[in-house]
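Written below as structure tokens is the structure these notes are about.
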Amino acid sequence: MDAITLPRPAWMSEDLVLLEEQARRFIADEFAPHIDRWHEDGMYDRDVWTKAGAAGLLCATMPEEYGGAGGTFAHEAVINREYALAGFDAFGAPLHSGIVAPYILNYGTEEQKKRWLPKLATGELIGAIAMSEPGTGSDLQGVRTKAERSGNGYVLNGSKTFITNGQHANLIIVVAKTDPKAGAKGTSLMVVETDDAPGFRRGRKLKKLGLDSADTSELFFEDVKLPAENLLGSEEGQGFYQLMKDLPQERLIVAVHAVAMMERALALTIDYVKQRQAFGKKIIEFQNTQFELAECKTDATIAKVFLDYCIERHLARQLDTVTASMAKYRLTDTQAKVIDRCLQLFGGYGYMDEYPISRMYRDARVFRIYAGTNEIMKLLIARSL
Ligand SMILES: Cc1cc2nc3c(=O)[nH]c(=O)nc-3n(C[C@H](O)[C@H](O)[C@H](O)COP(=O)(O)OP(=O)(O)OC[C@H]3O[C@@H](n4cnc5c(N)ncnc54)[C@H](O)[C@@H]3O)c2cc1C
Numbered sequence: 001m002d003a004i005t006l007p008r009p010a011w012m013s014e015d016l017v018l019l020e021e022q023a024r025r026f027i028a029d030e031f032a033p034h035i036d037r038w039h040e041d042g043m044y045d046r047d048v049w050t051k052a053g054a055a056g057l058l059c060a061t062m063p064e065e066y067g068g069a070g071g072t073f074a075h076e077a078v079i080n081r082e083y084a085l086a087g088f089d090a091f092g093a094p095l096h097s098g099i100v101a102p103y104i105l106n107y108g109t110e111e112q113k114k115r116w117l118p119k120l121a122t123g124e125l126i127g128a129i130a131m132s133e134p135g136t137g138s139d140l141q142g143v144r145t146k147a148e149r150s151g152n153g154y155v156l157n158g159s160k161t162f163i164t165n166g167q168h169a170n171l172i173i174v175v176a177k178t179d180p181k182a183g184a185k186g187t188s189l190m191v192v193e194t195d196d197a198p199g200f201r202r203g204r205k206l207k208k209l210g211l212d213s214a215d216t217s218e219l220f221f222e223d224v225k226l227p228a229e230n231l232l233g234s235e236e237g238q239g240f241y242q243l244m245k246d247l248p249q250e251r252l253i254v255a256v257h258a259v260a261m262m263e264r265a266l267a268l269t270i271d272y273v274k275q276r277q278a279f280g281k282k283i284i285e286f287q288n289t290q291f292e293l294a295e296c297k298t299d300a301t302i303a304k305v306f307l308d309y310c311i312e313r314h315l316a317r318q319l320d321t322v323t324a325s326m327a328k329y330r331l332t333d334t335q336a337k338v339i340d341r342c343l344q345l346f347g348g349y350g351y352m353d354e355y356p357i358s359r360m361y362r363d364a365r366v367f368r369i370y371a372g373t374n375e376i377m378k379l380l381i382a383r384s385l
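For the sequence shown, our numbering gives the first residue as 1, with consecutive numbering after it.
Take a look at the structure:
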């Protein structure tokens with residue numbers, strides 16, 4: 001599937017090429033045959049997590065001493081691209097491996113890292129990050145979930161919504177106020193191990209416009225008792241700083257996914273228009289089709305060049321918030337346009353759920369909304385003007 005004909009990026013070393021082949025083969029054998037069933041069921045199977053863990057596809061960037069593969073963000077990017085090229089867009093692994101695990105690695109105490117990371121790497125634990133609430137999403141300072149000191153620990157109360165991996169997750173990082181009067185400085189990240197958390201309740205798996213088999217859910221915390229060791233790190237009030245520092249990687253993960261979906265959309269469409277006929281011609285023979293796809297390929301290629309630049313910066317630990325925000329905003333905007341134009345070339349079949357392009361059109365819509373809306377990205381970029 002090489003619809004974008006760029007040379008291999010400089011960051012893609014030989015071992016990453018091997019990882020790409022291994023991930024592609026594994027996903028094709030183990031996951032791809034079930035994607036339609038999961039889509040129909042509205043949920044993918046729990047054992048996807050342990051299978052991905054056993055194949056070394058979870059927590060690739062975590063150090064080996066904590067059960068990971070000791071890779072870099074490049075490993076994460078390669079694996080995530082393969083999930084998307086195979087059409088497994090609903091899988092929450094990019095968030096689990098690229099967002100939840102790094103919070104623990106970057107801010108957890110030694111004891112917390114040893115306790116949680118190896119189990120995240122095997123898929124025994126499934127991670128989620130619960131920031132958004134019914135009353136607030138973009139404005140995280142408005143979070144109302146509270147973690148109040150009680151004896152040696154905390155009592156957590158609040159509700160969260162739109163949480164990725166919400167039904168499967170058993171290790172949830174919850175954004176909560178430990179000092180509601182202190183604004184951003186009163187926010188902390190609390191880790192809830194749901195297998196032993198009376199008062200924790202999962203709400204509905206939400207019905208959505210797309211990503212049908214993803215278990216995006218509501219979560220409720222009613223007097224959930226947490227030991228002091230479940231505060232991420234050893235100091236209260238660090239939550240906002242921790243969130244802000246790791247957000248560029250979250251945005252880059254979304255951008256990687258967006259570009260991979262464009263690649264897949266282009267490949268599927270080129271294939272289709274070479275077969276379908278109208279007016280005695282193949283659809284590809286119409287100049288309109290050629291121009292549409294020429295423009296889509298150009299847009300996707302430019303997107304990929306910028307993505308590779310951002311990945312290189314990130315690997316050098318030099319990706320700033322403004323550039324990461326540009327990548328998230330612009331590449332997801334381009335993704336939506338490219339997939340829409342591709343769908344048009346499928347005619348009525350493009351509207352049929354059994355055609356992947358139709359699902360991709362629906363799935364892609366959320367990319368401009370989650371991980372910080374594209375409007376919030378523009379706010380962040382505008383601050384640099
Ligand atoms: C499928 C899915 C998965 C998700 N997964 C997670 C998850 O795992 N964890 C999690 O915590 N959250 C998750 N979210 C929530 C997501 O991050 C939020 O929906 C998003 O941040 C927007 O917040 P909101 O929905 O409250 O919208 P609001 O903040 O209410 O925004 C409404 C509109 O106002 C605009 N707006 C808001 N503030 C400004 C401003 N200052 N200037 C200009 N425009 C503004 C927004 O851009 C948007 O267009 C998920 C959402 C979806 C749909």
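Backbone N, C-alpha and C fix where the C-beta goes; we use that ideal spot for every residue, glycine too.
**Item:** Residue ranges of each alpha helix (DSSP H) within the region 327-371, 4 or longer
**Value:** 356-364
**Secondary structure, beta strand (DSSP E): runs of 3+ residues fully inside the region 189-271** = 200-205 and 217-227
**Request:** Rounded to whole angstroms, what's the CA-CA distance from Tyr351 to Cys342? Just pull it up for me.
**Result:** 11 Å
**Asked** How is the alpha helix (DSSP H) around Asn288 delimited, first residue to last?
**Response** Gln287 to Leu315
**Asked** Any heavy atom of ligand 1 closer than 8 Å to the Cβ of Asn170?
**Response** no
**Message:** What I want to know is whether the C-beta of Ile263 ends up closer than 8 Å to one or more non-hydrogen atoms of ligand 1.
**Reply:** According to the sequence provided, residue 263 is Glu. The question's Ile does not apply to it. Answer for Glu263: no, Cβ out of range of ligand 1.
**Prompt:** Does the beta carbon of Met244 fall short of 8 Å from some heavy atom of ligand 1?
**Reply:** no
**Prompt:** Just to confirm, does Ser132 get its C-beta within under 8 Å of one of the non-hydrogen atoms of ligand 1?
**Reply:** yes
**Prompt:** Grouping DSSP H, G and I as helix and E and B as strand, with all else coil, what is Val143?
**Reply:** coil
**Request:** Only counting runs of 3 or more residues, tell me where the beta strand (DSSP E) segments fall wholly within the region 99-145, in order along the chain.
**Result:** 127-130
**Prompt:** Looking only at C-alpha atoms, which of Ile79, Gly237 and Leu266 sits nearest to Gln141?
**Reply:** Gly237
**Asked** Is any heavy atom in ligand 1 found nearer than 8 Å to the beta carbon of Val175?
**Response** yes
**Message:** Quick check on DSSP: helix, strand or coil for Ala54?
**Reply:** helix
**Prompt:** Is the closest heavy atom of ligand 1 to the C-beta of Asp36 under 8 Å?
**Reply:** no
**For His257 and Arg276, the rounded distance between their alpha carbons** = 28 Å
**Prompt:** Can you check whether the CB of Phe346 is closer than 9 Å to the CB of Thr269?
**Reply:** yes
**Prompt:** Given that a residue counts as buried once 16 or more other Cβ atoms are within 10 Å of its Cβ, and exposed if not, what is Gln368?
**Reply:** One detail in the question is off: residue 368 reads as Arg in this sequence, not Gln. Counting Cβ neighbours within 10 Å, Arg368 comes out buried, since at least 16 surround it.
**Message:** Is the separation between the beta-carbon of Phe73 and that of Ile27 shorter than 9 Å?
**Reply:** no
**Option in Leu105, Ala176 and Ala52 with minimal Cα separation from Glu65** = Leu105
**Message:** I'd like to know whether the C-beta atoms of Ala303 and Leu266 end up nearer to each other than 9 Å.
**Reply:** no
**Request:** Classify Gln22 as helix, strand or coil using the three-state DSSP reduction.
**Result:** helix
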